[in-house]
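Participant: Going by our numbering, the first residue of the sequence shown is number -2, and it counts up by one from there. Glycine is no exception: its CB is placed at the ideal position from the N, C-alpha and C atoms. Quick caveat: nothing in here was measured; it's all calculated off a predicted structure. Could you have a look at this structure, given as structure tokens, before my questions?
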Amino acid sequence: MNDSTSSASGSQPNLPVWTVGSCLDWTQQYMEHHDDDKPRLSAQWLLSAATGLSRIELYMQYDKPMTDQEKTSLREFIQRRLNKEPLQYISGRTAFRYIELKIVPGVFIPRPETETLVDLVLKEQAQRVLEVGCGSGAISLALLHEQAELLVWATDIDSLAVSLTEENYTNLGLAEGSGAEGQKRLVVIQDDLASSLLQDPDMLASFDVLVSNPPYIPSPDLDSLPSEVKEFEPLAALDGGPDGLDFYRRLLDQAVQLLKPGGCLAVELHETRLGQAAELASAAGFSSVDIYPDLNQRERFLTATL
Ligand code: GLN
């Protein structure tokens, strides 16, 4: 992508102008040449990040010349992508259901399969939901966006995740125009699971739903994760202990104290652990334990009623 002088008909040198369109095509070919799995998609994301244009706008502004600043950013972003950094960290954004979230390195990137977990929670028509391990806030914020008259408490042990969830809540405008005057619809708390809520008598047996996508990759499997995941995403958001169920076991214990009688636990877990997770839920006092598949038809979600 070097600007070079070519022969000129007049006195002015005829510099080739890099447009959005020519950069898109060039980046696609470059990524393809460097064995990127999805060169077209990568090129679109990288151009969007460099120009601030949406993917549709890239095509509407195909002939727009790139500024020097945009070209400099594009070079940097291409280099980061070649090092296998996830596109969501490079662009700083991702889509989840009907919302767009800010994403920063150090916080887990929401996955498309987790959108199904939101559907399972929406079916409950809950008034008070607790999300444990909110990351960027994807689940809580999608719920608030799609269901009126909902109050959500969200926890995460990581202060970066807590501040990102707050920021996404504000950016999405979900804080305005609902609930009683001055009442927030989302309370975000830095906490180890929901341990601090257990100390508050008002919180005990108060939630209709406890939802979580906890760290659930069995530790021995961490090494075989794609380098995009294991080298860039926070391991603390992935490592579920020897059998992937460490957080789930603690979650069950807290859920029986925080859910109302008849309340629902909704969790995402590792595809090999749903049977064992269902047994643990029954042993902890839950009934109506159901397992649901993800988009790839692998067992992924569990709901259970207290
Ligand atoms: N689904 C994620 C992955 O495969 C793992 C999510 C988690 O541990 N909660 O990378």
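1. Going straight from the alpha carbon of T2 to that of F229, what length do you get?
2. Would S192 pass as an interface residue toward chain C - the criterion being a Cβ-Cβ separation below 8 Å?
3. G304: which of Y56, V208 and G170 sits nearest, CA to CA?
4. Less than 8 Å between the C-beta atoms of E163 and V185, yes or no?
5. Using 8 Å for Cβ pairs, my map puts V206 next to V118. What's the rounded Cβ distance?
6. Hey, would you say L235 sits closer than 8 Å to P212, going by beta carbons?
7. Using only the alpha-carbon positions, how far apart do E268 and W15 sit?
8. Given a cut-off of 8 Å on the beta-carbon distance, is the pair V286 and A263 in contact?
9. Using alpha carbons as the reference points, say which of R78, L44 and Y59 lies closest to H31.
10. What span of residues does the alpha helix (DSSP H) with A281 cover, start to end?
11. Label A5 either buried or exposed according to how many other C-beta atoms from any shown protein chain fall within 10 Å of its C-beta, with 16 as the threshold for buried.
12. Decide if Y245 is buried, meaning its Cβ has at least 16 other Cβ atoms within 10 Å, or exposed.
13. I want to check one thing, is the minimum distance from the CB of E305 to the heavy atoms of the ligand GLN below 7 Å?
14. Is it buried or exposed, A158, if we count other Cβ atoms within 10 angstroms and call 16 or more buried?
15. Output the boundary residues of the beta strand (DSSP E) element that contains P258.
16. Can you find the residues in the same chain that come closer than 8 Å, C-beta to C-beta, to E110, ignoring five residues on each side of it along the sequence?
17. Check whether the Cβ atoms of F333 and A135 sit closer than 8 Å, and answer yes or no.
Facilitator: Reading from the atomic positions:
1. Note that T2 scores 44 on pLDDT, short of 50, meaning its location in the model is unreliable and no value can be drawn from it.
2. The structure shown contains no chain C; it is built from a single protein chain.
3. Because the chain is modelled from -2 through 303, residue 304 falls outside the range shown and cannot be assessed.
4. yes
5. 5 Å
6. yes
7. 46 Å
8. no
9. R78
10. Looking at the DSSP string, A281 is not in any alpha helix (DSSP H), and its letter there is neither H nor E.
11. With a pLDDT of 43 at A5, under the threshold of 50, the modelled position of this residue cannot be trusted, and the question is left open.
12. buried
13. Past the edges of the chain, shown from -2 to 303, lies residue 305, and the structure says nothing about it.
14. buried
15. L256 to E265
16. E265, D291, L292, N293 and R297
17. As shown, the chain starts at -2 and ends at 303. That puts residue 333 outside it, with no answer to give.
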